[in-house]
Structure formats: C-alpha cells, structure tokens
Amino acid sequence: GYLLAIVIGVLLAYLCERSRIAEALLAPLRTVIRSTPVSSFIILVLLWMKIDMVPLFISFLMVLPIVWHGMQEGFGALSPQLAEMAHVYDFTLGKRVRYVTLPQLLPFFRSAAATGSGIAWKAGIAAEVIARPTLSIGRHLQDTKVYLLTDQLFAWTVTVIVLSILLERGLTHLLKAAGKGEKP
C-alpha cells in the first residue's frame with residue numbers, strides 16, 4: 003500500500019502541477035481523503051474488500067495525499083533557471099532528470115516518504131485491529147484487549163515499535179543512498 007501510494011502520489015502530483023483542470027478536479031478528492039477519519043475508511047472498506055486487503059488499501063489511502071501534496075510542492079518549486087541552463091548546455095533528457103530535476107525533488111520526496119511511512123504503519127495496524135486479517139499484528143492486539151492479556155499487549159506493542167524503528171531506519175538509509183547517487 004505504501005509503495006503504491008508513492009507511485010500514484012508522484013504521478014498525481016505531476017499531473018496536478020502541470021494541469022489546472024486536473025488540479026481543480028482532483029484537489030477536492032485529496033482534501034476528502036485527508037479529512038475523513040481512518041476508522042471511517044476502515045469500516046467502509048470492510049464492506050467492499052476482502053479482509054486481508056483492508057490494511058493494504060488503508061495504508062495506500064492514508065499515504066496517498068501526503069505524497070501527492072508533498073511532491074506537487076516539489077514540482078512547483080523546480081527552478082526554471084536550472085531547466086534553462088540544462089537546455090543551453092544541451093543536456094539529454096536523462097541528464098536533465100538526473101542532474102537537474104531529481105536533486106531538486108529529492109528533499110520533497112524524502113519528507114513525504116518519511117512522513118508517509120509512519121502513517122502507513124499506524125493506519126495499517128489500526129486496520130488490522132478492526133478488520134482482523136489472518137496472521138496480523140493487529141489481530142493479536144485486538145485479542146489481547148478482548149482477553150485482558152496485558153503482558154501480551156505490551157509485548158505486541160514493543161514488537162510494533164521495534165519493527166517501525168527498523169523500517170524507518172531502512173527507509174532513511176535507502177533515501178540517503180539514493181540522494182548520494184543523484185549528485186553530479
């Protein structure tokens with residue numbers, strides 16, 4: 003869900019930054035997604051999808067507006083002077099993207115990706131608690147509540163926190179490595 007939101011969010015950001023019509027038509031959708039409580043989406047999605055797909059879709063839905071908005075800001079902040087310089091020096095499209103566009107977009111992408119990963123993780127676990135898909139952490143968290151298993155609740159909570167930290171560090175490492183490869 004997270005990766006799909008990254009891809010679609012970047013595409014929607016590019017489209018909305020380039021087209022006023024797309025922005026006018028799609029911006030209200032972004033606002034509705036941002037404004038609707040996660041629990042409402044989870045309950046609605048439970049009516050339309052298989053239980054095992056609910057956390058994936060909820061993660062996608064919660065990350066999408068974050069990436070979309072952040073990357074649209076990035077596309078809007080691209081320097082026309084740098085684009086003109088690339089044109090004057092006859093950069094190929096590949097060089098233009100690698101040396102001019104990506105370095106300018108990377109800070110916006112890092113911010114959206116980092117914020118989105120935390121939201122995806124929390125929303126996904128919340129969806130698991132409500133939907134109770136097989137073999138999920140959320141299902142175990144819900145069981146600890148129902149059966150008053152306080153020790154297991156703490157154990158599962160620590161597990162969620164540790165996994166979250168590991169995922170965040172891995173993502174940070176990947177984004178830093180990507181940033182180093184984009185400089186001329």
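Residue 141 in our numbering sits at position 139 of the sequence shown, with consecutive numbering throughout. We treat Cβ as the ideally placed atom computed from N, Cα and C, and that holds for glycine. As the structure is a computational prediction, the values presented were derived from the model and not from experiment.
According to DSSP, is residue i part of a helix, a strand, or is it coil?
i, result
"Lys52", "coil"
"Gly3", "coil"
"Thr136", "coil"
"Phe59", "helix"
"Tyr149", "coil"
"Ala79", "coil"
"Ala179", "helix"
Tell me, to the nearest whole angstrom, how far the beta carbon of residue i is from that of residue j; I am working on the premise that it is less than 8 Å.
i, j, result
"Leu63", "Ile35", "6 Å"
"Thr103", "Leu80", "7 Å"
Quick check: the Cα distance between residue i and residue j, rounded to an integer number of angstroms?
i, j, result
"Asp145", "Ala122", "22 Å"
"Lys185", "Ala116", "A caution first: Lys185 carries a pLDDT of 45, below 50, which makes its placement in the model too unreliable to give a value."
"Met55", "Leu168", "24 Å"
Is it true that the CB of residue j sits closer than 8 Å to the CB of residue i?
i, j, result
"Ile23", "Arg134", "no"
"Glu25", "Phe77", "no"
"Ser42", "Gly3", "no"
"Trp70", "Ala15", "yes"
"Glu130", "Gly140", "yes"
Which stretch, first to last residue, makes up the alpha helix (DSSP H) that contains residue i?
i, result
"Arg98", "Neither: Arg98 is in no alpha helix (DSSP H) and is coded neither H nor E."
"Ser37", "22-37"
"Ala85", "82-90"
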